[in-house]
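Trainee: First the structure, which I've put down as structure tokens, then a few questions once you've had a look.
Number of protein chains: 4
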Amino acid sequence: MAHTPSANQSAPDATRRSERSRRAIYDAALALVVEVGYPRTTIEGIAARAGVGKQTIYRWWGSKADVLLEAFLELGEQAARAAGHLSYAIPDTGDLAADLKQVLRATVDELRDPAFEAPSRALAAEGVVNEELGRRFVAQLLEPPLQLYVDRLRAAQQAGDVRADVDPRIALELFVSPLAQRWLQYTGPITYEYTDTLVDYALYGLAPR
Amino acid sequence: MAHTPSANQSAPDATRRSERSRRAIYDAALALVVEVGYPRTTIEGIAARAGVGKQTIYRWWGSKADVLLEAFLELGEQAARAAGHLSYAIPDTGDLAADLKQVLRATVDELRDPAFEAPSRALAAEGVVNEELGRRFVAQLLEPPLQLYVDRLRAAQQAGDVRADVDPRIALELFVSPLAQRWLQYTGPITYEYTDTLVDYALYGLAPR
Amino acid sequence: MAHTPSANQSAPDATRRSERSRRAIYDAALALVVEVGYPRTTIEGIAARAGVGKQTIYRWWGSKADVLLEAFLELGEQAARAAGHLSYAIPDTGDLAADLKQVLRATVDELRDPAFEAPSRALAAEGVVNEELGRRFVAQLLEPPLQLYVDRLRAAQQAGDVRADVDPRIALELFVSPLAQRWLQYTGPITYEYTDTLVDYALYGLAPR
Amino acid sequence: MAHTPSANQSAPDATRRSERSRRAIYDAALALVVEVGYPRTTIEGIAARAGVGKQTIYRWWGSKADVLLEAFLELGEQAARAAGHLSYAIPDTGDLAADLKQVLRATVDELRDPAFEAPSRALAAEGVVNEELGRRFVAQLLEPPLQLYVDRLRAAQQAGDVRADVDPRIALELFVSPLAQRWLQYTGPITYEYTDTLVDYALYGLAPR
DNA sequence: ACATAAACGAGACGGTACGTCCCGTCTTCCT
DNA sequence: AGGAAGACGGGACGTACCGTCTCGTTTATGT
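Protein chains in written order, with full-length UniProt numbering: chain A, 1 to 209; chain B, 1 to 209; chain C, 1 to 209; chain D, 1 to 209.
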């Protein structure tokens, strides 16, 4: 999970690591990405802002994307702790459509929060062009929340609200991926109405009943 | 469409522009992106490889992403000319599901062609983080083929194969966006079986009939 | 004579070289050596002070010692031009001892001028440990004035004031080298009395007559 | 004589000092100067090679020049012990010229021994630019052997081979300094013939008798 | 057919950031 | 308490490119 420095020399001793510096680096990285954008966020800039030597960054991370990924994960964990740990779970009121619409509306809100948007766009962009990072991005950031949809859809299958032969991991993409693409690539506006429509189309299909 | 240099001086005279250099720059840019990757593709590198002065690039384009976007468009046009101009159109055999599956399978093939993959990934990544470029990327590269889906879905609506109240521009995202996301973000494998399934789910929905 | 950059790439085009930058670099290098000392004079510091990019230094010189050597040569030429070109020549009044004493006294004065001392000490030190530079230092800076002693001694041989079988190039070291060593290595005080004594000892020997 | 750390903290307790480390540091310093040269000899490199913590060096010495100076002194003492303590003394056969020539020829040999040359050049160079170290270099390394010349010259004065009014401390520079300068600054070749000539010129002068 | 003005190739320039090497200080754990 | 180990904040290294700016050298009309 953690970055293993490219073994060029001997690995640094993690027990001696400065917690203070680690945190300052995370804060600086996130702040800079929000303030000046990812391309103009530099390792030198992060180090300066964090009051840290560049080597301290290079010792523990392999690239600015690595730094940002960990910083963003840490941010998520903090947010989760702040929200009392139960933040992420899809409600099950018995009305699948309503439950999905609610969660997607919350996601729409989140996608508009600059503190979230700047770093996650940066990481997503990097991941598009850097497969290794992309896979880590997915495994660590994207997949866990998606798993909640899998769970909810399985419950719906139990309740008979979703066909039993449907693969939930694929099914969720019908409403999640369109939103993701609109957000990532600016292919269309992102509204509650839009996500509501996605849920309806996905659940009941395009063909007449 | 073409880049208008930021008017810092007098605009260059496009009629005197060297066609030879333009082509050499496109070729160099595409080749470098394939060979060394987008981040290590530099303007200096393109100029050197194209046997062109740097200023000739800065005169006509605003960034390496601009160069690449135009180069990629040109590449697409060439390919279209080679294929006899009629390449892009979604068949209408009367069987909507079959038609969509066929086109998506062709897209899957295309997504695996390195000459296509490297530059389009690069542009997509840049567009994620650079809204202006992202919108041009969408308008010039993404939207035209998507419009073909809109046309085909409208025909299906006429034929009664798709509900009349469905918005085709949104409907197409049900099967196109999941594929796009898997490709962009490595969120899952890309196979014919997968795209076939997407078409089935999208057309008939997840809920039992 | 001029530095030929280490041929790692293609040689830069000297005709396009910026005279203004060259001068600014010389000035900055000399000023810094005087102000902060040679070890704390850095290429980065020279570049900053000269208002020049580091690469402009690396393009034309191989090391800070190279820069300083050329700067010092230029300084010497300027000084020579200022003094009307005739500065360096050893007088020939017919009294060899007196002539040598006078020139050595002038040298003593020069050795105490900080604008001269700082860079020449720096170059001498570098030359002790870097043979290549040392030889250039000698050839370009040390040997030309020494040649004047050779000339004066040969005239003295003609006049019968110096034995004909004496090698002037070695003979001059008898009074020049002791002064040089005292200056370089702080092996003793440097005074007019001292240099006068050196001339006497050298001319008439240590053994009784 | 030994470096007194700049009293930033409490002075270390020299009685508890590790002899083993001290020796290892000397050996490492001398070896590195010979192998990679003085500028590329670093405190970190010495510590690593000696199997010693950096702090152990900083605790007992003030700079790498300090380390090297002590290491070189120690080396000299070892050599002296090996040679039976009587190595340094200028013979007195009654023939002053012959005695001086012999000793200078031995010096020529010594100047060519790489184990001697590398560190002493390094120290000399450092001393040129660092007066404090230069003076210690002279006092500890240069002056003691020079004193032997003073002694020999005084004996020669007693014997009537040198004029009584000659200052031996200056006189010795007539043949020692030229050799020193040729060695330090590469101003000329160093041969037995050259040193022999120096002795002759110095003893009998340049002027005809 | 030729003058002339633009685009062009080349690349020097002032800069920014890179990733690395050491500096000298500091902290930790061991002997 | 000294020592081995090495993380730390920092400064400089030498390199790679950035985007701007001259330089001659084509080239391509427009008289």
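Glycine included, every Cβ here is placed at the ideal spot set by N, Cα and C. Predicted, not measured: the structure shown is a model, and the values here were computed from it.
1. Could you list which residues in chain C have their beta carbon closer than 8 angstroms to that of D:D99, in chain order?
2. Going by DSSP in three states, A:T197 sits in which element: helix, strand or coil?
3. How is the alpha helix (DSSP H) around D:S21 delimited, first residue to last?
4. Quick one, are the C-beta atoms of B:P208 and A:G94 less than 8 angstroms apart?
5. Count the other CB atoms within 10 Å of the CB of A:Y201; is the residue buried (16 or more) or exposed (fewer)?
6. Could you list the residues in the segment 16-48 of chain C with a C-beta less than 8 angstroms from some C-beta on chain D, going in chain order?
7. Report the residue from A:L203, A:P178 and A:G205 whose alpha carbon sits nearest the alpha carbon of A:Y194.
8. Can you pull out the residues from the segment 191-204 of chain C whose beta carbon lies closer than 8 angstroms to at least one beta carbon of chain D?
9. Does the beta-carbon distance from D:L68 to D:P119 come in below 8 angstroms?
10. Am I right that B:V36 and A:A125 are in contact with their C-beta atoms under 8 angstroms? What's the rounded C-beta distance?
11. If we cut at 8 angstroms on Cβ distances, does D:A159 have a partner in chain C?
12. Between the alpha carbons of residue 221 of chain C and C:Q140, how many angstroms are there, rounded?
13. Does the segment 105-118 of chain C come close enough to the segment 32-49 of chain C to have 3 or more Cβ pairs within less than 8 angstroms?
14. Give the interface partners of D:G127 over in chain C, defined as CB-CB distance under 7 angstroms, in chain order.
15. Which chain D residues sit within Cβ distance under 7 angstroms of C:Q140?
16. Comparing the C-beta of C:I170 with each C-beta of chain D, is any distance below 8 angstroms?
17. Among the candidates A:Y58, A:L203, A:A65 and A:A24, whose CA atom is the shortest distance from the CA of A:L133?
18. May I ask you to report which of helix, strand or coil DSSP gives D:T56?
19. Which runs of the alpha helix (DSSP H) at least 4 residues long sit entirely within the segment 133-182 of chain D? Give them in chain order.
20. With a cut-off of 8 angstroms, does the C-beta of B:G134 fall near any C-beta of chain A?
21. Going along chain D in order, which residues have a C-beta closer than 8 angstroms to the C-beta of C:S63?
22. Would DSSP call B:T191 helix, strand or coil?
23. Less than 8 angstroms between the C-beta atoms of C:D196 and C:A155, yes or no?
24. Does the separation of the CB atoms of B:I57 and B:R152 fall below 8 angstroms?
25. Leaving out the 5 sequence neighbours to the left and right, which residues in its chain are closer than 7 angstroms to D:E19 when beta-carbon positions are compared?
26. Leaving out five residues before and five after D:A164 in sequence, what residues of the same chain have Cβ atoms less than 7 angstroms from its Cβ?
27. If you draw a straight line from the C-alpha of A:A47 to the C-alpha of D:I46, how long is it?
28. Are A:L30 and A:A82 touching if we call contact CB-CB under 8 angstroms?
29. Going by alpha carbons, who is nearest to C:L123 out of C:D13, C:T41, C:A24 and C:S10?
30. Rounded to the nearest angstrom, what separates C:K15 and B:Y26 at their Cα positions?
31. Would you call C:R182 buried or exposed, if buried means 16 or more other Cβ atoms sit within 10 Å of its Cβ?
32. Counting only beta-carbon atoms, is B:R152 nearer than 8 angstroms to chain A?
33. Using a Cβ-Cβ cut-off of 8 angstroms, state whether A:A71 counts as contacting chain B.
34. In three-state DSSP terms, what is C:P39?
35. Compare the C-beta of C:V162 with all C-beta atoms of chain D and state if any pair is closer than 8 angstroms.
36. Using a 10 Å radius around the Cβ and a threshold of 16 neighbouring Cβ atoms, would you call residue 210 of chain C buried or exposed?
Mentor: Put simply:
1. Think of a sphere of 8 angstroms around the beta carbon of D:D99: no beta carbon from chain C falls inside it, the nearest being about 13 angstroms out.
2. The three-state secondary structure of A:T197, taken from DSSP, is helix.
3. Its alpha helix (DSSP H) spans residues E19 to V36.
4. No, they are not a contact pair.
5. For A:Y201, the number of other beta carbons within 10 angstroms of its own is at least 16, and it is reported as buried.
6. So the close ones are G37, Y38 and P39.
7. For the options A:L203, A:P178 and A:G205, the alpha carbon positioned closest to that of A:Y194 is the one of A:P178.
8. Near chain D, meaning a CB-to-CB distance below 8 angstroms, the residues of the segment 191-204 of chain C are Y194, T197, L198, Y201, A202, L203 and Y204.
9. Yes, they are a contact pair.
10. In this structure B:V36 does not touch A:A125 by the C-beta definition: roughly 19 angstroms separates them, more than the 8 angstroms allowed.
11. At a cut-off of 8 angstroms, the C-beta of D:A159 has no neighbouring C-beta in chain C.
12. Since the displayed chain C opens at 1 and closes at 209, residue 221 of chain C lies outside it and no answer follows.
13. These segments touch.
14. Within chain C, the residues near D:G127 are Q185.
15. None at all; the shortest Cβ gap to chain D is about 13 angstroms.
16. Judged by the 8 angstroms Cβ criterion, C:I170 is in contact with chain D.
17. Comparing alpha carbon positions, the residue from A:Y58, A:L203, A:A65 and A:A24 closest to A:L133 is A:A65.
18. It is helical.
19. Within the segment 133-182 of chain D, the complete alpha helix (DSSP H) runs of at least 4 residues are 143-159 and 168-171.
20. Yes - at least one Cβ of chain A is within 8 angstroms of the one on B:G134.
21. Using a Cβ-Cβ cut-off of 8 angstroms, C:S63 is close to nothing in chain D; its nearest Cβ partner there is about 10 angstroms away.
22. In this structure, B:T191 counts as coil in the three-state DSSP scheme.
23. Contact flag unset, no.
24. The beta carbons of B:I57 and B:R152 sit no closer together than 8 angstroms.
25. No residues qualify anywhere along the chain.
26. Residues Q157 of the same chain have their beta carbon placed closer than 7 angstroms to that of D:A164, with the five preceding and five following residues left out of the count.
27. As the crow flies, the alpha-carbon of A:A47 is around 29 angstroms from that of D:I46.
28. Taking 8 angstroms as the Cβ cut-off, A:L30 and A:A82 do not qualify as a contacting pair.
29. The option with the nearest alpha carbon to C:L123 is C:T41.
30. The residue you asked about is not Lys; residue 15 of chain C is Thr in the sequence shown. Taking the straight line from one Cα to the other gives about 33 angstroms.
31. The residue in question, C:R182, is buried, as its Cβ has 16 or more Cβ neighbours within 10 Å.
32. For B:R152, not one C-beta of chain A is nearer than 8 angstroms to its own C-beta.
33. With its beta carbon at least 8 angstroms from every one in chain B, A:A71 lies outside the interface.
34. Here C:P39 sits in coil by DSSP.
35. True, the Cβ-Cβ gap to chain D drops below 8 angstroms.
36. Past the boundaries of the shown model lies residue 210 of chain C; chain C is included only from 1 to 209, so the question cannot be answered.
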